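> Numbering (our numbering), first residue to last: 1 to 170.
Think of the CB as a built atom: it goes at the ideal place given N, C-alpha and C, for glycine as much as any other residue.
Being a predicted model, the structure only gives us computed values, none of them experimental.
Once you've had a glance at the structure underneath, I'll fire off some questions.
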Amino acid sequence: MKRKLIFVAVCSLVLASCNNSGKESANGTDSLNTMKSDTSHSMNMNSSSVSGVPAVTEGARVFFKNVKNNATISSPFKVEMGVDKMSVDTIGPVVAGSGHFHIFIDAEDSLALGTVVPTDSAHIHYGKGQTEAEIKLTPGKHKLTLQFADGIHRSYGSKLATTVNVNVKK
Ligand SMILES: [Cu+2]
Numbered sequence: 001m002k003r004k005l006i007f008v009a010v011c012s013l014v015l016a017s018c019n020n021s022g023k024e025s026a027n028g029t030d031s032l033n034t035m036k037s038d039t040s041h042s043m044n045m046n047s048s049s050v051s052g053v054p055a056v057t058e059g060a061r062v063f064f065k066n067v068k069n070n071a072t073i074s075s076p077f078k079v080e081m082g083v084d085k086m087s088v089d090t091i092g093p094v095v096a097g098s099g100h101f102h103i104f105i106d107a108e109d110s111l112a113l114g115t116v117v118p119t120d121s122a123h124i125h126y127g128k129g130q131t132e133a134e135i136k137l138t139p140g141k142h143k144l145t146l147q148f149a150d151g152i153h154r155s156y157g158s159k160l161a162t163t164v165n166v167n168v169k170k
């Protein structure tokens with residue numbers, strides 16, 4: 001409710017952004033949260049690669065719990081995602097020390113710090129705070145990357161990414 005009200009306020013301020021977010025209400029909420037949480041200096045509300053991504057906790061890392069590099073797996077595969085020294089949260093306001101998982105399939109080894117993770121068939125978001133997910137892969141070799149990003153999908157960079165190669169059974 002509160003969000004909606006603020007969202008309307010944002011729309012009346014930024015008509016262009018409202019048009020964009022009409023396509024996908026989640027993103028509209030996201031740009032709102034950028035504004036709310038980034039009170040320091042950024043005037044560019046629509047930027048998709050802004051500074052202001054929370055710091056990565058010293059020693060934090062992400063890892064696949066149940067698949068090692070060069071493993072042979074079957075599809076569908078229930079992948080388990082882990083993170084040390086950061087907490088897993090849903091999408092929403094940016095909170096230091098927290099974020100959500102993404103799996104990239106046959107894509108980048110990581111996305112540069114601050115880059116918003118795209119939403120497409122090669123970049124899957126687990127914005128409900130999932131730590132387990134079923135993924136479907138065609139038989140053969142694939143590359144899976146686990147990437148952690150903040151509440152508005154801004155990548156925490158290579159420090160919070162890991163990649164494994166897998167071989168999917170027929
Ligand atoms: Cu995301």
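Going by beta carbon distance, what residues of the same chain come within less than 6 angstroms of serine 37, once the five residues before and after it are set aside?
Confidence is the limiting factor: at serine 37 the pLDDT is only 40, short of 50, which leaves the residue's position unreliable and the question unanswerable from this model.
> For serine 158, name the three-state secondary structure that DSSP assigns.
helix
> Could you check whether the Cβ of glycine 114 sits closer than 7 angstroms to any heavy atom belonging to ligand 1?
no
> On the premise that alanine 96 lies in contact with alanine 55, defined as a C-beta separation below 8 angstroms, what is that separation, rounded to the nearest angstrom?
7 angstroms
> Got a sec, what are the start and stop residues for the beta strand (DSSP E) threonine 138 sits in?
Where threonine 138 is concerned, there is no enclosing beta strand (DSSP E), given that its DSSP letter is neither H nor E.
> Please tell me whether glycine 127 and threonine 72 are closer than 8 angstroms, where the distance is taken between their beta carbons.
no
> Taking the beta strand (DSSP E) that threonine 72 belongs to, which residues open and close that run?
71–73
> With DSSP run on the structure shown, which of helix, strand or coil describes glutamate 80?
strand
> Within 10 angstroms of the Cβ of glycine 140, are there 16 or more other Cβ atoms? Answer buried if so, exposed if not.
exposed
> What is the residue span of the beta strand (DSSP E) that glycine 99 lies within?
98–105
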